[in-house]
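Here the structure comes first, spelled out in structure tokens, and everything after it is commentary.
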Amino acid sequence: MKIRVPEYYKDFACIGGTCIDTCCAGWEVDVDKKSSAYYKSVEGAFGDRLRSMLVDYPIEDRFILQEHGRCPFLNDRNLCDIYSELGEDKLCETCTNFPRHITEFGNTREIGISLSCPVAVELIMKRREPITFKLSENSEPVSGYNNIDASLYFKLCQARDIAYSICQNRSLPVKHRTVLLLDFSHAIQKRIRNRKIDRVLDNYKDINYCNKRIERLEKKYGNYKKTPETLAGWLEVYDNLEHIKPEWTQILSNAIAFVSEGMPECKENSHIVNEREYEYEHLLVYYIYRYFLRAVFDEKLSEKVKLACTALIMQELLGSSACRTEKEFTFEKQITLMRVYSKETEHSEENLEALYSNFNKNNLFSLKKYMGIILGSGLL
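Residue numbers (our numbering): 567 to 946.
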């Protein structure tokens, strides 16, 4: 099996009960069928406790969450009773893997760590150098069969490498990298059905071609005047999604108020875009790594790239709105917003599907709106 991980992955280590935002609260804990069957077979008082907290579902079972959405086996020291009673090897797949995310493409397994983890988001965002990836191979047999189009997969791998190059081109401001990324994915999306994307790949490898595209996009969208109205619509979409944490509700309320006031400039936050662009670069690369290749399963590349670019726009919007009430927009505040946003969007399947649906069907999320917000608003 081939294993691909970000270079920083080797430095990740869970801090357990001292974590400020435990993995074991705030969302459903899915229990794979193999683990569920084992839990139901455990004898004694702890076995009775396990069985009393398991609910059967068609695909994966779940634990019954307690007050504040806590897992019933998360004790008052924020440690796992299953771990202490049965051992680490008896954790279900969800608890074994999290905050790691794992996707398999044929004989390649890609692993990363989620921005919703406080340790992970700090590890990723504190680095100044571009993110790189490491590919290794072990003796493990291919664990399952992925019915994917091999030709499309390899084309998308090439496309993702180009997407990384766009995101990490530090000769361009982040706003130009972002619109170029959207433009690139849109060009592929139009041709993905017939697989004729080679010319697109060649074009976006060419720096001169990319610079000309940026000039055209600036000319076309640089005077966009409807950013507050568009973002008000975006925030309404987010407000109607499931809210996992109460702090997210407050963050959204601040953003809604900020937009309703006409989005006054926040000089405290603007220096981040100018001086700490690498944080936004890493944000884009994180989403591209995690989601881009999943288009091999459904041919919906545009929505995956919009997910990345939306996260960037929302991060800047939420950061700017935070400046209304805070004197200094610190690195700690930045990664807190990234962590909370990730938890609210990436770790609710319903929310993620709702966002994809809006990206594909809601005119508020049209390519024109993205270009206008990024190039015409001064937000980035």
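We put the beta carbon where it would ideally sit given N, CA and C, even for glycine.
{"Query": "CB contact flag (leucine 657, phenylalanine 578, <8 Å)", "Result": "no"}
{"Query": "Alpha helix (DSSP H) runs wholly inside the segment 849 to 917, at least 4 long, in chain order", "Result": "861 to 864, 867 to 888, 897 to 912"}
{"Query": "Cβ pair count under 8 Å reaching 3, the segment 779 to 792 against the segment 860 to 869", "Result": "no"}
{"Query": "Start and end residues, beta strand (DSSP E) containing valine 571", "Result": "568 to 572"}
{"Query": "Rounded straight-line distance, which links the Cα of threonine 815 to that of tyrosine 805", "Result": "Correcting the residue type first, residue 805 is aspartate in the shown sequence and not tyrosine. The alpha-carbon atoms of aspartate 805 and threonine 815 are separated by roughly 8 Å."}
{"Query": "Where lysine 678 falls, given that 16 or more other Cβ within 10 Å makes a residue buried", "Result": "According to the sequence displayed, residue 678 carries glycine and not lysine. So glycine 678 counts as buried."}
{"Query": "Nearest candidate by alpha-carbon position, reference asparagine 663, set Leu878, Ile810, Ile773, Cys580", "Result": "Cys580"}
{"Query": "Option in Ile763, Ala591, Leu747 with minimal Cα separation from phenylalanine 720", "Result": "Ile763"}
{"Query": "Beta bridge counterpart(s) of glutamate 703 as assigned by DSSP", "Result": "Lys568"}
{"Query": "Top-ranked residue by Cα proximity to aspartate 510, from Leu921, Arg636, Lys599", "Result": "The structure shown has nothing for residue 510, since the chain only spans 567 to 946."}
{"Query": "Start and end residues, alpha helix (DSSP H) containing aspartate 764", "Result": "764 to 771"}
{"Query": "Cβ-based neighbour list, threonine 669, same chain, cut-off 6 Å, excluding 5 preceding and 5 following", "Result": "Glu676"}
{"Query": "Close-in-space but distant-in-sequence residues of the same chain around isoleucine 901 (CB under 6 Å, 5 per side omitted)", "Result": "Val687, Glu688, Met691"}
{"Query": "Alpha helix (DSSP H) runs contained entirely in the segment 610 to 678, provided each spans 4 or more residues", "Result": "610 to 619, 647 to 652, 659 to 663"}
{"Query": "The segment 751 to 770 touching the segment 897 to 911, judged by at least three CB pairs closer than 8 Å", "Result": "no"}
{"Query": "Span of the alpha helix (DSSP H) around asparagine 820", "Result": "812 to 826"}
{"Query": "Supposed contact pair serine 602 and leucine 631 - C-beta distance, whole angstroms, cut 8 Å", "Result": "No, leucine 631 and serine 602 are not in contact; Cβ-Cβ is about 16 Å, not under 8 Å."}
{"Query": "Contacting residues, own chain, Cβ-Cβ under 6 Å from cysteine 590 (five flanking each side not counted)", "Result": "Cys637, Leu640"}
{"Query": "Sub-8 Å separation of leucine 953 and alanine 823 beta-carbons", "Result": "Shown here, the chain extends from 567 to 946; a query on residue 953 therefore has no answer."}
{"Query": "Rounded straight-line distance, which links the Cα of valine 766 to that of leucine 921", "Result": "27 Å"}
{"Query": "Integer Cβ distance of tyrosine 574 from arginine 693, believed to fall under 8 Å", "Result": "7 Å"}
{"Query": "Buried/exposed call for histidine 848, threshold 16 Cβ in 10 Å", "Result": "buried"}
{"Query": "Anticipated Cβ contact below 8 Å, leucine 945 with isoleucine 879, distance rounded", "Result": "7 Å"}
{"Query": "Expected contact under 8 Å - CB spacing of proline 684 and isoleucine 586 to nearest Å", "Result": "5 Å"}
{"Query": "Valine 871 vs phenylalanine 699 beta-carbon contact at 8 Å", "Result": "no"}
{"Query": "Endpoints, the alpha helix (DSSP H) within which isoleucine 754 is located", "Result": "740 to 757"}
{"Query": "Local Cβ density within 10 Å of threonine 660, reported as buried at 16 or more and exposed below that", "Result": "buried"}
{"Query": "Collapsed DSSP secondary structure at lysine 591 in the structure displayed", "Result": "Here residue 591 turns out to be alanine, not lysine, going by the sequence shown. Alanine 591: strand per DSSP, three-state reduction."}
{"Query": "Proximity to threonine 584 [Cα-Cα], best of Asn644, Val595, Asp622", "Result": "Asn644"}
{"Query": "7 Å Cβ shell around valine 825 - same chain, five flanking residues per side excluded", "Result": "Pro794, Leu797, Ala798, Leu801"}
{"Query": "Closest by C-alpha distance to tyrosine 857, when choosing among Lys934, Ala877, Ser717, Glu831", "Result": "Ala877"}
{"Query": "Alpha helix (DSSP H) segment containing methionine 937, residue limits", "Result": "933 to 942"}
{"Query": "Residue environment, alanine 753, which counts as buried when at least 16 other CB atoms sit within 10 Å", "Result": "buried"}
{"Query": "Inter-residue spacing [alpha-carbon to alpha-carbon] between methionine 829 and phenylalanine 931", "Result": "19 Å"}
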